[in-house]
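Encoded as structure tokens, the structure appears first; notes follow it.
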Amino acid sequence: MNPVPTGSAPGRGGDGGTTTLVVHVENKAGVLARVAGLFARRGFNIESLAVAPTADGRFSRLTIVVGVDAAPMEQVVKQLDKLVNVVDIEELNPAASVERELMMVTVRADPSIRGQILDLVRIFQATVLNVGYDEMMVSLTGSPGRVDDFEELLRPYGIADVQRTGKVALSKLAKTAPDPLAP
Amino acid sequence: MNGGQALMKALENEGVDIMFGLPGGAILPVYDPLIDSSIRHVLVRHEQGAGHMAEGYAHATGRPGVAMVTSGPAATNIVTPLCDAYMDSIPLVVVTGQVPYAAIGTDAFQECDTTGITMAVTKHNYLVTEAADIPQVIHDAFHIATTGRPGPVLVDIPKDIVDPKNPRSAMEWYTPDSHDLPGYRPNVAGDAELVRQAAKLICEAERPVLYTGGGILKSRGAKALLELAELTGIHVVTTLMNRGGFPDDHPLCLGMPGMHGNYTAVTAMQEADLLVALGARFDDRVTGKVGEFAPLAKIIHVDIDSAELGKVRRADVAIQGDCRAVIEDLVRALREMGGSEAQPDRSQWRSRISGWQERFPLTYEQSRNDELLKPQFVLEQLRDSTPDDTIVASGVGQHQMWTSQYWKFNHPYTWVNSGGLGTMGFSIPAAIGAKAGRPDRMVWAVDGDGCFQMTAQELVTAATEGFPIKVALINNSYLGMVRQWQEMFYAERYSEVYLTRNVPDYKLWAEALGCAGLRVESPEEVAPAIARANEIDDRPVVVEFRCEAGENVFPMVPAGMSNSDVVVDPSQRDRPR
Ligand SMILES: Cc1ncc(C[n+]2csc(CCOP(=O)(O)OP(=O)(O)O)c2C)c(N)n1
Ligand SMILES: [Mg+2]
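Protein sequence lines, in the order shown, are assigned to chains A and B.
Under the working numbering, residue 183 is the last one in the first sequence; the count climbs by one each step, no gaps.
Under the working numbering, residue 1577 is the last one in the second sequence; the count climbs by one each step, no gaps.
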């Protein structure tokens, strides 16, 4: 099968006890159930999960954040790899990847304190999506850590509703061209 | 062509000669083209039987077993065999009928979410939505079932795509010549550098043991294993799944390890400085308390399934690959390093092993005059009065352990049993499947009285379809294995394990099922009854052996205990270890 990272692979614990797996699967009915079922069956824990088709519509990309305490990551990866519809698996190293998450949040915002919320929106380069007489809906896209910070700072005002997508990620790009003379 | 015809043609193209099944509403349209097919269909009495028959066929022949049943209750009835085959890596292709595609999700009559239910117990499964997909899906299903680590594949087929009265069944036949399975690339060849490292470890080991599992038989690697053992002079333990994968009569064979393994096999592994695990998976029934298993041993682990490597015990050298291919590479590497000349002097280790063998052979106390038969005695007699290449299928319980202990397996593919799942009721249908695959062989099922009552109805299938199997029924009146645990670990408080002594009347029952029925109560009757059973070839035979109820299986490593604390037969307990 595909070479899979093992043992003390990078990506471990970089995110407070979680590891990010990027799993390419065939874009077929029931594949998500197979992946989710495997996690449940083997006692592995999914922290978050984002799914969408790739540029090549025959495949989908799952970005799965896995709690690492629950199971040895090596077993998670190898068992996933055994699913016939799983094409390949990448264990993402946070230092070598770009991660993004989207959050939408409705926060209490009396006209008297709207200004304070807008300050935070400006500082974080967030977006106001909707405004009610005493609430505001804002969204932020950013690294999961930045999204955490924003949520933390809004919390004292009173969060009425919050929805986060779970993170998606891609590996960072090469900064130097490969040596054409290398073997 | 229509989807139903295409399904039969696709199965024929995969070389299927026999299938086991039972029709019903959703699969009805496929049973019509079956009439014109070259494939023989065996009509079972319960769908669980169809699944175990397909397993028995696969065990005995190495070819995939095929079963076909209808939707709903029939699909749920075959879940147990699917799980059994999944645990023991048996190649199966199971076709189930499904309600018409448009009715899926509506709680239609006999609808059940078959692919959902079986996802966890199959290597892969399919819900086919278009008639045109049938040839490709069947081709892929056989490929997946039989390659890599083998396993069961289920194909669920909605009625409309096989029903000629429905326009959705119309399709053009094509013969698929490839697989579009981008996520499925089983790896066969082992890494050459790792093989060299393994060979080096072998040459350095003073107390090595070859720990061989079902992967030997799955990879058809028995010959390669023999070569490896003889080249190196290293002793071999054969797990429950590899009985027959190395000859019991070979001087290097130590037999079965584990919970009811023999003392020498268990102890040699405990004391080893190197375990070469070949197609074995460090199952808890083999290791006992994992943290105390083979504490001094380095590990070489070879398995086609990389998920087994490091799952239970970290390996010093882990090689992913087909067992036979890797063993052949290993033999080559060892020859390059000097062959048997390069093996250290292990005479001390050998004499420790023979010391254990002398002090702790398998043993039991013969019955006294007034007692019923000893099951071990029955199995010794059966072993000695049947051809060497007899195929033995077993149920699950004490009788299974005694069979594995007392039989002499000298040929691969002669032992058919339910290891990983431990499925009571396995033996009779599995024996029928084995006989279907190897009609030239004598096939005995060794069954318990509890097991027999779970699947005895398949003897009707055997009688009417012409599979003259023989059943040795070890009647100890109890769910014996559970009784033994209650005796040993629950202070002899027996709870719901007594099956009664005289009900049912097995002889009458056997006759009613279309078999010959014999009953044996005393030791002198055993051999003549077996001889009589061996002669009967026009129908199945059931020989009821009325056995002691209180007999226990020894040696035994109590669950969760260390293999160093193996409990031997009472008569051996004061011997020095
Ligand atoms: C389907 C199923 N149910 C329950 C068990 C648990 N179990 C294991 S061995 C055993 C007793 C088997 O009784 P019998 O067939 O008479 O064999 P014996 O142990 O007496 O030889 C039971 C109930 C099982 N393995 N399978
Ligand atoms: Mg019994």
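Positions of the beta carbon are idealized from the N, C-alpha and C atoms, including for glycine.
Does DSSP classify residue i as helix, strand or coil?
i          : result
Gln1357(B) : helix
Asn85(A)   : coil
Glu99(A)   : strand
Gly11(A)   : Since pLDDT at Gly11(A) reaches only 36, below the 50 mark, its modelled position is unreliable, and the value read off the structure follows with that caveat. Of the three classes helix, strand and coil, the one that applies to Gly11(A) here is coil, per DSSP.
Pro94(A)   : helix
Pro1029(B) : helix
Lys1470(B) : strand
Val4(A)    : Its pLDDT being 38, under 50, Val4(A) is placed unreliably by the model, and the measurement read from it follows with that caveat. Coil at Val4(A), not helix or strand.
Tyr1490(B) : coil
Ile1319(B) : strand
Gly1592(B) : Since the first residue shown for chain B is 1001 and the last is 1577, residue 1592(B) is missing from the structure and cannot be characterised.
Asn1534(B) : helix
Ala1006(B) : helix
Arg61(A)   : strand
Pro1387(B) : coil
Lys1507(B) : helix
Phe44(A)   : coil
Ala1272(B) : coil
His1041(B) : strand
Val1121(B) : helix
Asn1475(B) : strand
Cys1515(B) : coil
Val105(A)  : strand
Arg1546(B) : strand
Leu1252(B) : coil
Asp1135(B) : As written in the sequence, residue 1135(B) is Pro, which differs from the Asp given in the question. It is helical.
In angstroms with no decimal places, state the Cα-to-Cα distance between residue i and residue j.
i          : j          : result
Ala1325(B) : Gly1148(B) : 12 Å
Ala1199(B) : Pro72(A)   : 29 Å
Ala174(A)  : Ser97(A)   : 11 Å
Pro1033(B) : Ala1131(B) : 15 Å
Ala50(A)   : Pro94(A)   : 17 Å
Gly1514(B) : Glu1172(B) : 45 Å
Gly1004(B) : Ala1010(B) : 10 Å
Leu1028(B) : Ala1067(B) : 14 Å
Ser171(A)  : Gln1357(B) : 59 Å
Val1471(B) : Ser1178(B) : 43 Å
Lys82(A)   : Pro1150(B) : 12 Å
Leu1240(B) : Gly1213(B) : 8 Å
Met1087(B) : Gly1437(B) : 22 Å
Leu1362(B) : Val66(A)   : 49 Å
Thr1096(B) : Val1162(B) : 12 Å
Val1209(B) : Ala1315(B) : 15 Å
Pro10(A)   : Leu92(A)   : Any reading at Pro10(A) is ruled out, since the residue's pLDDT is 34, under 50, leaving its predicted position unreliable.
Asp56(A)   : Lys1223(B) : 47 Å
Val1286(B) : Ile1299(B) : 15 Å
Gly1466(B) : Pro1064(B) : 21 Å
Ser1496(B) : Thr1115(B) : Before going further, note that residue 1496(B) is Glu rather than Ser in the sequence given. Looking at the two C-alpha atoms, the distance is approximately 35 Å.
Pro1412(B) : Ala1103(B) : 47 Å
Ser1071(B) : Ala40(A)   : 26 Å
Give me, in chain order, the residues of the same chain whose beta-carbon lies closer than 7 Å to that of residue i; leave out the 5 immediate sequence neighbours on both sides.
i          : result
Ser1038(B) : Glu1012
Tyr1498(B) : Ser1477, Tyr1478
Met1401(B) : His1260, Val1553
Gly1021(B) : His1041, Val1044, Ala1050, Ala1067, Met1068, Val1069
Lys1289(B) : Gly1560, Met1561, Ser1562
Asn85(A)   : Val25, Glu26, Lys28, Val31, Arg34
Asp1305(B) : Arg1149
Thr1403(B) : Leu1379, Val1392, Ser1394, Val1446
Hey, residue i and residue j are a contact pair by Cβ (cut 8 Å); roughly how many whole angstroms apart?
i          : j          : result
Gln1152(B) : Ala1145(B) : Checking the sequence shown, residue 1152(B) turns out to be Pro, not Gln. Correct: roughly 7 Å between the Cβ atoms.
Thr1062(B) : Ala1431(B) : The question names Thr, yet the displayed sequence has Gly at residue 1062(B). Not quite, the Cβ-Cβ distance comes to about 17 Å (not below 8 Å), so this is no contact.
Thr1122(B) : Leu1082(B) : 6 Å
Ile123(A)  : Val107(A)  : With a Cβ gap of about 15 Å, Ile123(A) and Val107(A) do not count as contacting.
Ala1272(B) : Arg1207(B) : 5 Å
Go through its chain and collect everything with a Cβ distance to residue i's Cβ below 8 Å, but skip five positions before and after it.
i          : result
Glu101(A)  : Thr141, Gly142, Ser143, Pro144, Val147, Arg164, Thr165, Gly166, Lys167, Val168
Asp1512(B) : Looking at the sequence shown, residue 1512(B) is not Asp but Ala. None.
Asp134(A)  : Arg108, Ala109, Asp110, Pro111
Short of 6 Å in beta carbon distance, which residues of its chain neighbour residue i, apart from the five on each side in sequence? Order them along the chain.
i          : result
Val1266(B) : Pro1257, Asn1563, Val1566
Gly1015(B) : none
Pro1164(B) : Asn1002
Ile1536(B) : Ala1516
Name all residues in chain order for which at least one heavy atom of ligand 1 lies closer than 6 Å to the residue's CB.
Gly1395(B), Val1396(B), Gly1397(B), Gln1398(B), His1399(B), Gly1422(B), Thr1423(B), Met1424(B), Gly1448(B), Asp1449(B), Gly1450(B), Cys1451(B), Ile1474(B), Asn1476(B), Tyr1478(B), Leu1479(B), Gly1480(B), Met1481(B), Val1482(B)
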